[in-house]
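Visitor:
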Amino acid sequence: MSWIQSSPIFYLLLVVLLAGDLGSHIFANANAIDCTRGWSVPTPAEDNKYLCMVRRADGFDKYHCEWCGRNDKELPSATACAGPRLGPLPNQGTLACNVGQDENYLNWNPRPIICVHSNPGDKPVKHTCKYPKTWQQCPRDKCKLIPG
């Protein structure tokens, strides 16, 4: 009957092995830059690099990055979004900002977050959202601060 009883050490070993195998994929990268002000996919205007903007107390920093993406495989997203002409979106308006994200706080705006979304084969469309949900992340070693 000893084979029926499981040892707590067996469970501990199983947890350690599982965490070691999945650890780099479960959580967001601790050595990444969170693009808290916005980001965009590579364009000729940005030397064909990702643009990552990080909010500071007195403005924001811009980085050019070779690659951006989250280790947890989540897409950057925003909530309480509305389409350009369609009004509020379903599902509380949560939308993947898979092409870029920016913000416009210059004028009072109930939806200051600009979420750029594109379905495969479609042109990118700008949606306005109330809140950011998940920031884009870029590995620090793949990014360079843009002076200025």
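In mature numbering (1 follows the signal peptide of the UniProt record, and there is no 0), the protein residues as written are -23 to -1, 1 to 125.
Here a beta-carbon is modelled for each residue, glycine too, at the ideal position from N, C-alpha and C.
These figures come from a predicted structure and were not determined experimentally.
Looking at the unbroken beta strand (DSSP E) that takes in P87, where does it start and where does it end?
Guide: Run containing P87: none; DSSP gives neither H nor E here.
Visitor: C120 bridges to which residues according to DSSP?
Guide: C120 pairs with C42.
Visitor: Measuring only the C-alpha atoms, how far is I90 from M30?
Guide: C-alpha separation (whole angstroms): 14 Å.
Visitor: Using the C-alpha atoms, what's the distance from W16 back to E43?
Guide: In a straight line, the C-alpha of E43 is about 13 Å away from that of W16.
Visitor: Start and end of the beta strand (DSSP E) containing Q78?
Guide: 77 to 80 is the extent of the beta strand (DSSP E) around Q78.
Visitor: Let's test the definition: count the other Cβ atoms within 10 Å of the Cβ of L28 and tell me whether it reaches 16, buried, or not, exposed.
Guide: Under this definition L28 is a buried residue.
Visitor: Could you have a look at G70 and say whether DSSP puts it in helix, strand or coil?
Guide: Helix at G70.
Visitor: Let me confirm a value: P97 is counted as buried when at least 16 other C-beta atoms fall within 10 Å, else exposed. Which label applies?
Guide: P97 comes out exposed.
Visitor: Does the beta-carbon of C106 have 16 or more other beta-carbons within 10 angstroms, so that it is buried, or is it exposed?
Guide: So C106 ends up on the buried side.
Visitor: Just curious, the beta strand (DSSP E) that R33 is in, first and last residue?
Guide: First-last of the beta strand (DSSP E) with R33: 26 to 33.
Visitor: Is it buried or exposed, T20, if we count other Cβ atoms within 10 angstroms and call 16 or more buried?
Guide: Exposed, by the Cβ-count rule.
Visitor: Report all residues from its chain with a CB closer than 8 Å to the CB of T111; omit the five preceding and five following residues, and keep chain order.
Guide: If we look at T111 and ignore the five residues flanking it on each side, its Cβ neighbours are R47, E51, L52, P53, S54.
Visitor: Can you tell me which of the three DSSP states S1 falls into?
Guide: In this prediction, S1 has a pLDDT of 37, which is less than 50 and means its spatial position is unreliable; what the coordinates show is noted afterwards. In this structure, S1 counts as helix in the three-state DSSP scheme.
Visitor: Which of helix, strand or coil does DSSP assign to P101?
Guide: P101: coil per DSSP, three-state reduction.
Visitor: Could you pull the start and end residues of the beta strand (DSSP E) that A22 belongs to?
Guide: Run containing A22: none; DSSP gives neither H nor E here.
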